[in-house]
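**Q** Residues in the sequence shown are numbered consecutively from 1, following full-length UniProt numbering. Backbone N, C-alpha and C fix where the C-beta goes; we use that ideal spot for every residue, glycine too.
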Amino acid sequence: MTDLLTPAAIAAALAAVSLIAFAKGAFGGGIAMIGIPLMSLAMDPLTAGAVLAPLFLVMDAVALRYWSPKTWSRADVPWLIPGTLIGTALAAWLLMGLDERAVAVLMGVLGLGFALFWLSGGVSAQGWPARPGLALTAGAASGATSMIAHAGGPPVAVYLLGRGLPKEQYAGTTSIVFTFGNIAKVVPWLLITPPDRGMLVLMALCVPTIPLAIWAGWRLHARLDQKKLYAVCYAILVVASVKLLWSGVGGYL
């Protein structure tokens, strides 16, 4: 296993966790997918995923102080959450049967796909009414991609942006949905890659940045241009995903 206490590994982890936590405070989430590709510049993807999984629970515990139940979409949450749990369970079963090379390829493809989808314009707000079947499907897709690559944001975003929710309600709804998904996936991730001393120390180093980054994002929520911030993050995601995909494919050659 890669030494996780090198300056490069620590810097990659701190950068990824800070960006994800900042976006969680500002918009309820949406860029967690940047975590594994960015951290994989300095460690293997399975280790990166296992380090991040428990840290997401810390982020959720802090973020839910800012996104209270009054910001949740009551028409969508009861369908998105069960879908997320179903998708997480199915993807956990799949992930346990893949080797490191296949995981790298899969994560690289997902990262590139979601980044290119967003950079091409994604989906615009439509204002359609709640659709339980579509919400359940979006939740399942989110749970699956979240379990595989911590990339659960886009499927839920496509559905909720279509709903045309107010900015605060969008953030609150994504926050509670991702909380349930993160709880469901932490045990499978730690079974796939049991934590060693290096992983635990790296997690501990990242924890103090979480409340500060979330608070900063929440404070700047009204003033931030979400599109510009996401453009920077998705550009980083493209570069990191290409590297991840290259490493995974190279492992088969």
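Does the separation of the CB atoms of residue 215 and residue 25 fall below 8 Å?
**A** In the sequence shown, counting from the first residue as 1, residue 215 sits at position 215. In the sequence shown, counting from the first residue as 1, residue 25 sits at position 25. In this structure, residue 25 lies closer than 8 Å to residue 215 by Cβ.
**Q** In angstroms with no decimal places, state the Cα-to-Cα distance between residue 7 and residue 38.
**A** Numbered from its first residue, the sequence shown carries residue 7 at position 7. Numbered from its first residue, the sequence shown carries residue 38 at position 38. Rounded to whole angstroms, residue 7 to residue 38 spans 14 Å at the Cα level.
**Q** Excluding the five sequence neighbours on either side, which residues of its own chain have a C-beta within less than 6 Å of the C-beta of residue 115, listed in chain order?
**A** Indexing the sequence shown from 1 puts residue 115 at position 115. Closer than 6 Å at the Cβ level, and outside the excluded window around residue 115, lie 234, 237, 238.
**Q** So, for residue 138: in the same chain, excluding its five sequence neighbours on each side, which residues have a beta-carbon less than 7 Å away from its beta-carbon?
**A** As a position in the sequence shown, residue 138 is number 138, starting the count at 1. The residues are 80, 83, 155, 156, 158, 159.
**Q** The alpha helix (DSSP H) that contains residue 59, what's its start and end?
**A** The sequence position of residue 59 within the sequence shown is 59, counting from 1. Run containing residue 59: 45-63, per the alpha helix (DSSP H) assignment.
**Q** Alpha carbon to alpha carbon, what distance is there between residue 181 and residue 93?
**A** Stepping through the sequence shown from its first residue, residue 93 is reached at position 93. Stepping through the sequence shown from its first residue, residue 181 is reached at position 181. Straight-line spacing of the CA atoms in residue 93 and residue 181 works out to 15 Å.
**Q** For the alpha helix (DSSP H) that contains residue 174, what are its first and last residues?
**A** Looking up residue 174 in the sequence shown gives position 174. Taken as a continuous stretch (DSSP letters only), the alpha helix (DSSP H) holding residue 174 covers 167-192.
**Q** Skipping 5 residues on each side, what residues in its chain have a beta carbon closer than 7 Å to that of residue 249?
**A** Position 249 of the sequence shown, counted from the first residue, corresponds to residue 249. Contacts found: 105.
**Q** Would the stretch 57-65 count as touching the stretch 191-199 if we require 3 or more Cβ pairs under 8 Å?
**A** no
**Q** Would you mind reading off the limits of the alpha helix (DSSP H) that contains residue 24?
**A** Taking the first residue of the sequence shown as position 1, residue 24 is located at position 24. Per DSSP, residue 24 is one residue of the alpha helix (DSSP H) stretching across 7-27.
**Q** Using 8 Å for Cβ pairs, my map puts residue 32 next to residue 150. What's the rounded Cβ distance?
**A** As a first step, residue 32 must be located in the sequence shown, where it is residue number 32. As a first step, residue 150 must be located in the sequence shown, where it is residue number 150. At roughly 5 Å, the Cβ-Cβ gap stays under 8 Å, so residue 32 and residue 150 are in contact.
**Q** What is the DSSP secondary structure of residue 134, reduced to helix, strand or coil?
**A** Numbered from 1 along the sequence shown, position 134 holds the residue referred to as residue 134. Three-state result, residue 134: helix.
**Q** The alpha helix (DSSP H) that contains residue 39, what's its start and end?
**A** On the sequence shown, residue 39 is found 39 positions in, with the first residue counted as 1. Start and end: 35-39.
**Q** Roughly how many angstroms separate the alpha carbons of residue 17 and residue 203, rounded to a whole number?
**A** For the purposes of this step, residue 17 is taken as the residue at position 17 of the sequence shown. For the purposes of this step, residue 203 is taken as the residue at position 203 of the sequence shown. The straight-line gap from Cα to Cα measures roughly 10 Å.
**Q** Who are the Cβ neighbours of residue 188 in its own chain at under 6 Å, not counting the five residues just before and after it?
**A** To locate residue 188, count along the sequence shown from 1; it is residue 188. These residues qualify, in order along the chain: 92.
**Q** Just the C-alpha distance for residue 212 and residue 65, rounded to the nearest angstrom, thanks.
**A** Within the sequence shown, residue 212 is the residue found at index 212, counting from 1. Within the sequence shown, residue 65 is the residue found at index 65, counting from 1. Roughly 13 Å between the two C-alpha positions.
**Q** Of all the options 118, 43, 210, which has the alpha carbon lying nearest to the alpha carbon of residue 3?
**A** By one-based count along the sequence shown, residue 3 stands at place 3. It is 43.
**Q** Can you check which of these residues, 73, 52, 21, 14, is closest to residue 166 by C-alpha distance?
**A** On the sequence shown, position 166 is the one that residue 166 refers to. Of all alpha-carbon atoms in 73, 52, 21, 14, the one lying nearest the alpha-carbon of residue 166 is that of 73.
**Q** Which residues in the same chain have their Cβ closer than 7 Å to the Cβ of residue 63, if we skip the five residues on either side of it in sequence?
**A** Counting from one through the sequence shown, the residue named residue 63 turns up at place 63. Answer for residue 63: 24, 25, 175, 214, listed in chain order.
**Q** Residues in its own chain within less than 7 Å of residue 141 by CB, not counting five upstream and five downstream?
**A** The count along the sequence shown starts at 1 and reaches residue 141 at position 141. Hits under 7 Å: 87, 155.
**Q** Considering Cα atoms alone, identify which of 85, 27, 40, 148 is closest to residue 97.
**A** The residue given as residue 97 occupies position 97 in the sequence shown. Answer by Cα proximity: 148.
**Q** Out of 228, 101, 89, point me to the one whose CA is closest to residue 247's CA.
**A** For the purposes of this step, residue 247 is identified with residue 247 of the sequence shown, where counting begins at 1. Distance check between residue 247 and each of 228, 101, 89 places 101 closest, using alpha-carbon atoms only.
**Q** Provide the residue span of the alpha helix (DSSP H) that contains residue 207, from first to last.
**A** Reading the sequence shown from its first residue, position 207 is the one you call residue 207. Neither: residue 207 is in no alpha helix (DSSP H) and is coded neither H nor E.
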